[in-house]
Structure formats: C-alpha cells, structure tokens
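Participant:
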Amino acid sequence: MKIISFHCHDGHVRTGVVLNDRVLDVSEWVLHLPLSEAALTHHQQAGSLPPLGGILRWLSAGPEALRQLQAHTAQCADQAQWKLSDVALYAPVPRPGKIIGVGRNYADHAKETGVAPFEKPRIIFKMPSSVTAPGAAVRRPLGVHKLDFEAELAVVMGAYGRDIDASTALHHVAGYTVLNDMSAREFQFDISPAQTTFAKSMDGFCPMGPWLVTRDEVPDPQNLEVYCWLNGIQMQHGHTKDMLFSVKALVAYVSQFMTLEPGDIITTGTPAGIGAFRTPPLYLQPGDQLEFEVTGVGRLSHSIA
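Under my numbering, think of the first position of the sequence shown as 37, with each following residue one higher.
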C-alpha cells in the first residue's frame with residue numbers, strides 16, 4: 037500500500053491510500069483507531085500527549101493496523117473521490133519524532149570521501165523541522181554556497197522498540213520512503229568543530245516522499261536501487277546491497293541507545309556521486325531540478341529556490 041499525507045487546498049491535513057491514480061481519504065477512519073497498549077504505556081510514562089489523528093495515529097495503532105487498513109481500503113475502494121494529480125502532498129510523516137541519519141554507509145561513498153569504512157554506524161541527526169514536501173522549492177539559505185544532495189532510502193518505524201534483535205528488526209518497520217539528505221557542506225567540512233547536524237537541519241533540508249510504501253511491498257530492503265538526477269543528468273546510482281550496515285542492523289544498533297517510536301525515520305546513507313566529491317565540486321543552484329528514485333518505493337522530485 038502507498039499511504040500519503042495530503043491536503044486539497046483547504047489547509048486540512050488528510051491521510052490517504054493511493055489506488056492507481058486516485059486517493060481514498062481515510063482520515064476519519066484513522067482518527068477513530070484505538071492506540072496500541074504499547075503506545076498508551078509509552079505516552080503515560082513520558083507524560084506526553086498521544087497523536088490525535090493522521091499517519092502517526094495509524095502508526096501508533098499497533099501491528100494489526102496494517103491489516104485493518106487493507107480491509108477498510110478493500111471495502112471502500114469505490115469511494116476514492118480524489119484524483120492523485122489534484123491533491124497537494126505533504127511528506128508522508130510531516131513531523132517525525134526523530135530523523136536518524138547514517139554517515140558513509142555505502143562502500144563506494146566511503147571510498148570517494150577517502151575514509152576507511154566504519155566499524156560501527158556513524159549516527160547523524162536531522163531536526164524534524166527540516167522536513168518538507170514532495171515537489172517543494174527548497175530555498176538555499178543566504179550565506180550557503182555549498183548546498184549538496186544525497187539520495188537515500190528512508191525507513192519509517194511502525195512500533196516502539198528498545199534493544200531490538202536484528203533478526204526481528206524489520207517487524208518494527210512500517211514502510212519505506214525516499215529522502216534527500218540535503219547538506220550545507222561549509223558547515224560540515226570547512227569549519228572546526230564540524231556542525232554536521234546544523235548543516236543538515238536547515239529549513240527544507242529534508243524533502244521526503246512521495247508516500248510511505250508499506251513493508252509488505254518491500255520484502256527485501258537490501259535489494260533496491262537508488263538514483264539521483266540533477267537537471268536530467270544522473271548523478272547517483274547505487275544498490276542497497278552495498279550498504280555497510282543493513283536496515284535491520286541499523287534498527288538494532290540505534291535501539292540499543294534510544295527507544296524507536298512509530299513515525300521515527302532512519303535514513304540509511306547515500307551512494308557515491310554527491311556534489312562535494314566531484315571534480316570539480318558541483319553544488320546546487322537556484323533553479324536546479326532534482327529527482328530521486330528508490331526502485332519499488334517511489335520517485336521524489338523538488339527544486340532549489
């Protein structure tokens with residue numbers, strides 16, 4: 037299933053299921069889903085409010101929520117009143133709790149940076165406020181001249197988990213989406229100490245989408261191709277089998293140190309071909325058009341303003 041967050045030019049955030057070229061609005065149905073026991077316990081212990089509705093509500097409803105949504109969609113498919121081309125998309129998870137990045141997780145990318153492969157994942161964070169929608173015009177901030185792109189497979193968590201075993205890690209995944217891990221390289225490479233989180237967390241620096249593809253449609257996340265095109269020219273082409281740390285290994289590793297929650301994003305690293313390590317370097321300019329694809333997941337596009 038392809039699940040989207042969208043609006044119909046009325047400002048109301050809706051949740052939908054994509055059925056070919058149409059959208060079934062499931063916002064009201066999701067709103068009334070009971071939260072899982074794990075979700076209720078977590079929010080009670082944390083003293084936080086549970087999600088009222090939207091995709092976070094669905095993700096917090098427990099492992100049966102996917103089956104329930106599939107049944108509801110099959111029953112109501114003829115009520116898909118919106119054309120996909122007529123709705124405006126948000127990122128599938130418009131405001132994740134955490135965005136956990138992994139640095140230099142492809143062997144070819146590690147090689148182009150001149151760094152030996154890491155023995156353990158290098159964890160980087162992006163602030164949730166950096167998330168922006170498919171098709172957005174991402175503004176290059178004043179004072180940033182080394183704006184770069186990174187095509188990545190992003191993992192959307194669908195269950196609470198701590199100290200997850202790698203053998204069962206994918207059971208905690210709700211699905212996958214496509215993400216551009218944009219970076220202001222002058223803050224990452226040109227200053228000391230490096231400000232990597234800041235470099236990757238400026239407004240709009242996390243285009244993501246166009247939808248969440250549920251886990252059942254991606255049986256092996258290590259068997260996907262990853263692409264980036266800049267102004268129609270291919271910049272990146274990698275394969276997730278070449279990750280140094282697999283999706284299940286990353287989920288297990290991160291969960292040793294922090295609880296993973298529904299809606300959290302793990303963005304799994306980028307293959308070779310980014311702008312900073314080209315000869316000469318190639319940085320993004322206003323007017324540039326970018327496209328990213330992960331086979332079996334989707335294609336994300338946006339521009340630079």
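For glycine and all other residues, C-beta sits at the position ideal for the given N, C-alpha and C.
Can you tell which of 291, 310, 298 and 277 has the C-alpha that lies nearest to the C-alpha of residue 270?
Facilitator: 310
Participant: Would you tell me roughly how many angstroms separate the C-alpha atoms of residue 2 and residue 325, rounded to the nearest one?
Facilitator: Outside the shown range of the chain, which is 37 to 341, sits residue 2, and nothing can be said about it.
Participant: Measuring CA to CA, which of 282, 252, 273 and 182 is closest to residue 258?
Facilitator: 282
Participant: Taking the beta strand (DSSP E) that residue 336 belongs to, which residues open and close that run?
Facilitator: 334 to 340
Participant: For the alpha helix (DSSP H) that residue 281 lies in, which residues bound it at each end?
Facilitator: Per DSSP, residue 281 belongs to no alpha helix (DSSP H) and is neither H nor E.
Participant: State buried or exposed for residue 304, treating a residue as buried only when at least 16 other CB atoms are found within 10 Å of its CB.
Facilitator: buried
Participant: For the ligand COA, I want to know if residue 279 counts as a neighbour, meaning its beta carbon is within less than 7 angstroms of at least one of the ligand's heavy atoms.
Facilitator: Judged by which ligands are present, the structure shown has none, so any question about the ligand COA falls away.
Participant: In this structure, how does DSSP classify residue 96 when only helix, strand and coil are distinguished?
Facilitator: coil
Participant: Would you call the CB atoms of residue 213 and residue 192 closer than 8 angstroms?
Facilitator: yes
Participant: So what does residue 220 bridge to, in DSSP terms?
Facilitator: 183
Participant: Using 8 angstroms for Cβ pairs, my map puts residue 133 next to residue 299. What's the rounded Cβ distance?
Facilitator: Contact holds; Cβ gap of about 6 angstroms.
Participant: Runs of 4 residues minimum, wholly inside the stretch 46 to 92: which ones carry the alpha helix (DSSP H) assignment?
Facilitator: 63 to 67 and 73 to 82
Participant: Hey, how far is the Cα of residue 177 from the Cα of residue 131?
Facilitator: Here the C-alpha atom of residue 177 lies approximately 21 angstroms from the C-alpha atom of residue 131.
Participant: State the Cα-Cα distance for the pair residue 153 and residue 147, rounded to the nearest angstrom.
Facilitator: 8 angstroms
Participant: Cα separation between residue 82 and residue 164?
Facilitator: One C-alpha to the other measures close to 19 angstroms.
Participant: Taking the alpha-carbon positions, what's the residue 155 to residue 179 distance?
Facilitator: For residue 155 and residue 179, the distance between alpha carbons rounds to 35 angstroms.
Participant: Hey, could you find the ends of the alpha helix (DSSP H) residue 102 is sitting in?
Facilitator: 101 to 112
Participant: May I have the straight-line CA-CA distance separating residue 210 from residue 98, to the nearest angstrom?
Facilitator: 10 angstroms
Participant: On a Cα-Cα basis, can you pick out the residue from 183, 197, 65 and 86 that is closest to residue 322?
Facilitator: 183
Participant: Quick one: what's got a C-beta closer than 6 angstroms to residue 92's C-beta in the same chain, skipping five residues either side?
Facilitator: 299
Participant: Are three or more beta carbon pairs between the stretch 279 to 298 and the stretch 190 to 204 nearer than 8 angstroms?
Facilitator: yes
Participant: For residue 277, collect the residues of the same chain with a Cβ closer than 6 angstroms to its Cβ; drop the 5 residues on either side in sequence, then sort them by chain order.
Facilitator: Correct list, in chain order: 258.
Participant: Tell me residue 119's beta-bridge partners as DSSP assigns them.
Facilitator: 58
Participant: Would you list the one or two residues that DSSP bridges to residue 158?
Facilitator: DSSP, once it has assigned bridges, lists 139 as partnering residue 158.
Participant: Closest to residue 141 by CA distance: which of 186, 84 and 329 is it?
Facilitator: 186
Participant: On the DSSP letters alone, give me the boundaries of the alpha helix (DSSP H) that residue 234 sits inside.
Facilitator: 232 to 235
Participant: Which residues in the same chain as residue 112 place their Cβ atom closer than 7 angstroms to its Cβ, once the five residues preceding and following it in sequence are excluded?
Facilitator: Cβ within range, chain order: 60.
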